[in-house]
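Novice: Below you'll find the structure I mean.
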Amino acid sequence: MATTVKSRLEAMAKKLRKYSQSHVLQFIDTLDSGGKIALLEELEGLDFELLNELIGRYVLESPEIELPKEILPAPVYPRVPSDELQGKYQKARDHGERMIAEHKVACFTVAGGMGTRLGFEGPKGDYPATPVRNKSLFRVFAESIIASEHRYNCEIPWYIMTSPANHADTVQSFKDHDYFGLNPANVMHFPQGMMPCFGKDGKILMEDKGHLAMSPDGHGGSLRALYKSGALQDMAQRGIEYISYFQVDNPLVYIVDPLFIGLHAMDTAEMSSKAVIKVDPLEKVGNFTVVDGKITVIEYSDLPEEVARKRSADGKLLIESGSIAIHLISRSFVERINQRGFSLPWHRAEKRVPYIDLEGERVVPDGPNAVKLETFVFDAVPLAERSIILAIDRDDQFAPIKNATGVDSVESSHRLQMNRHVKWLEAAGIDIPRKEDGSLNVKVEISPLFALEPEDLVRKKSQLRKLKPEDIVSLG
Ligand code: UTP
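Once you know that position 368 of the sequence shown is 1158 in the numbering used here, the rest is easy, because the numbers rise by one and skip nothing.
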């Protein structure tokens, strides 16, 4: 073994003793020299001082959430503008369209998650998501980008955050599909940071004898990864000012929304959000609130039930706006927080993580045996000087695919996608065949290449035909 590796290993062994993590080198002598170096590099990439602090605060204990003294509802731009707001909305839409046309807007998809609930082999963006053609999520977003580029006669670069676990497969998928019709020069993939998984005793778990069990550091890691990967610099060189942030699991997202962009820009906001009206006081979404004068998202699990259930005099929920993880972020904001050095709060999640035990035997636990630590992107909202929230129609923009079955599954997403497109067709004057119980008696899919919004269908009415019961229709 080269002396440098030997001395690096000795230094690491000393550090591990200091932080009571020596077990991670237990099988080092069974590894070949490449394996030894790989494990050493994994360990050298960790900040043990920070990890030690996090283990004490979040792994060995389940920290009590410190609740703010006063939680107020956040101001929200309504979905349907009041008379006074109509002029502003029109101006905002025009401004947003100008920003897109002037190449100032980029798309940013966070696709680094493990997608464990869905249980799909491969990157989640490859999941067949649409109800008729089974197009993948990546393809749907790409078609939206292409359609928007045509509409605004511009280029919209697309940044995709992966994780070390799915980076190579994601890039390969784009290559295999010819970048879904996009110009490869306008697509950039970069991996996010990882965190070790811990046993409940605070020990780092080993995936095998030569590797730590690691998992992505949460979508909050995107704000640092944008900076560290050079993506932000690439955006600056291209003149991008606004980043349209969305998750990989929502095929109904408007990838660039002129109204949202315009309101954010005109109000000189730094990080803005779209909201839906919650369907239930305890719905499992983040809650938009104001804490200490700042718009702040409080996770459903952290909002006390009595606050969640409070209603105002008109009977509406006091805290009625929920987050659907769609944001507009100014590039300058991400630059500023990174240059100053920022940290987002860590969140603890107990998960099932296979590992090898001290005898080197692989253990596949039945239930949650490990603690993962993640940061959430919405925790950056209060770091913004200004932030706006725009309420939207959930049925029109939100059909997440998270689970294999049931709530937020591909089945519910298909239903929501078809409902939206049926509404658009009806608005264009097409009669929709229904069964006796009122449910759809057709299957419909509309590609973003055919229509990005309902008005496009109205314009293309001459290309639409009458629908018969049990028709299966794919437009575009
Ligand atoms: P989810 O909270 O749905 O997590 O992520 P997940 O990891 O994809 O799925 P489960 O919980 O294992 O089933 C919401 C969005 O944030 C991204 C995901 O890819 C998804 O678009 N994400 C999540 C990241 O990019 N990195 C992360 O570390 C976590």
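We put the CB at the ideal spot given by N, CA and C, even for glycine.
Tell me whether E1294 counts as near ligand 1, meaning its Cβ is closer than 7 Å to at least one heavy atom of that ligand.
Specialist: Residue 1294 lies beyond the stretch modelled for the chain, which goes from 791 to 1266, so this question has no answer here.
Novice: Between E1095 and K859, what straight-line distance do the alpha-carbon atoms span, to the nearest angstrom?
Specialist: 15 Å
Novice: Looking at the structure shown, is S1102 part of a helix, part of a strand, or coil, going by DSSP?
Specialist: S1102: coil per DSSP, three-state reduction.
Novice: Please name the residue in K1256, I1179 and A1160 whose C-alpha comes closest to that of F1168.
Specialist: Closest by alpha carbon: I1179.
Novice: Quickly, what does DSSP pair S1122 with across the bridge? List them, please.
Specialist: Answer is none; S1122 lacks a bridge partner.
Novice: Taking the straight line between their C-alpha atoms, what separation do you get for G1228 and I1222?
Specialist: 10 Å
Novice: Within 10 angstroms of the Cβ of P1158, are there 16 or more other Cβ atoms? Answer buried if so, exposed if not.
Specialist: exposed
Novice: Just verifying my parser: in three-state terms, what is the DSSP assignment at S1019?
Specialist: coil
Novice: Helix, strand or coil for M904 per DSSP?
Specialist: Note: M904 maps to coil in three-state DSSP.
Novice: Start and end of the beta strand (DSSP E) containing S953?
Specialist: Going by DSSP, S953 is part of no beta strand (DSSP E) at all; its letter is neither H nor E.
Novice: So, for Q982: in the same chain, excluding its five sequence neighbours on each side, which residues have a beta-carbon less than 6 Å away from its beta-carbon?
Specialist: G902, M951, S953, P1006, G1011 and A1015
Novice: How would you write the range of the alpha helix (DSSP H) that Y879 sits in, first residue to last?
Specialist: D873 to A891
Novice: Unbroken alpha helix (DSSP H) runs of length 4 or more, entirely within the region 793 to 842: which are they?
Specialist: The DSSP assignment places complete alpha helix (DSSP H) segments of no fewer than 4 residues inside the region 793 to 842 at 793 to 808 and 823 to 834, in order along the chain.
Novice: According to DSSP, which residues form a beta bridge with T778?
Specialist: Outside the modelled stretch of the chain, which goes from 791 to 1266, sits residue 778, for which no answer is possible.
Novice: Using a strict less-than 5 Å threshold between each residue's beta carbon and the heavy atoms of ligand 1, what residues do you get?
Specialist: That gives V900, A901, G902, G903, M904, G905, T906, R907, P1006, G1008, H1009, Q1037 and V1038.
Novice: Sorted by chain position, which residues of the same chain lie with C-beta nearer than 6 Å to L1247's C-beta, five sequence neighbours on each side aside?
Specialist: W1214, A1218 and A1241
Novice: H1009 bridges to which residues according to DSSP?
Specialist: BP columns for H1009 are empty, so no partner.
Novice: I want to check one thing, is the minimum distance from the CB of E939 to the heavy atoms of ligand 2 below 7 Å?
Specialist: Here the bound small molecules are ligand 1; ligand 2 is not part of this structure.
Novice: Would you call the region 1097 to 1113 in contact with the region 878 to 891, where contact means no fewer than 3 C-beta pairs closer than 8 Å?
Specialist: no
Novice: Just checking my contact of A1194 with G909 at CB under 8 Å: how many whole Å lie between their CB atoms?
Specialist: 5 Å
Novice: How is H1211 classed by DSSP in three states: helix, strand or coil?
Specialist: helix
Novice: Short of 7 Å in beta carbon distance, which residues of its chain neighbour I935, apart from the five on each side in sequence? Order them along the chain.
Specialist: So the qualifying residues of the chain are C897, I946, W948, L972 and I1045.
Novice: Going by the beta-carbon positions, is the gap between G1008 and E1149 smaller than 8 Å?
Specialist: No; because the gap between Cβ atoms is not below 8 Å, this pair is not in contact.
Novice: Tell me which residues share the same chain as M904 and place their Cβ nearer than 6 Å to its Cβ, disregarding the 5 neighbours each side in the sequence.
Specialist: none
Novice: Note down the Cα distance separating F1050 from G992, rounded to an integer number of angstroms.
Specialist: 43 Å
Novice: Where does the unbroken beta strand (DSSP E) through F1036 begin, and where does it stop?
Specialist: Start and end: Y1032 to Q1037.
Novice: Applying the criterion that 16 or more other CB atoms from any shown protein chain within 10 Å of the CB defines a buried residue, is R1152 buried or exposed?
Specialist: exposed
Novice: State the CB to CB distance for the pair I1146 and K990, rounded to an integer number of angstroms; the pair is presumed to be in contact (CB under 8 Å).
Specialist: Not quite, the Cβ-Cβ distance comes to about 17 Å (not below 8 Å), so this is no contact.
Novice: Between the C-alpha atoms of E832 and D1198, what's the straight-line distance to the nearest angstrom?
Specialist: 35 Å
Novice: Measuring alpha carbon to alpha carbon, tell me which of R1210, L830 and A1055 ends up nearest L881.
Specialist: Per the sequence shown, residue 881 should be read as Lys rather than Leu. Taking only the C-alpha atoms, the option nearest K881 is A1055.
Novice: Would you call the region 1013 to 1033 and the region 922 to 929 in contact, with 3 or more CB pairs under 8 Å?
Specialist: no
Novice: Between D819 and M1004, what straight-line distance do the alpha-carbon atoms span, to the nearest angstrom?
Specialist: If you take the alpha carbons of D819 and M1004, they lie about 22 Å apart.
Novice: Should D1156 go down as buried or exposed, given a rule of 16 or more other Cβ atoms within 10 Å for buried?
Specialist: So D1156 ends up on the exposed side.
Novice: Between the Cα of K1141 and those of P986, A958 and H979, spot the shortest distance and give me the residue it belongs to.
Specialist: P986
Novice: Can you list, in chain order, the residues of its chain whose CB lies under 7 Å from that of A1021, leaving out five sequence neighbours each side?
Specialist: Closer than 7 Å at Cβ, skipping near neighbours: Y949, M978 and F980.
Novice: In the region 1138 to 1188, which residue ranges form an unbroken alpha helix (DSSP H) of at least 4 residues, counting only runs that do not cross its ends?
Specialist: 1184 to 1187
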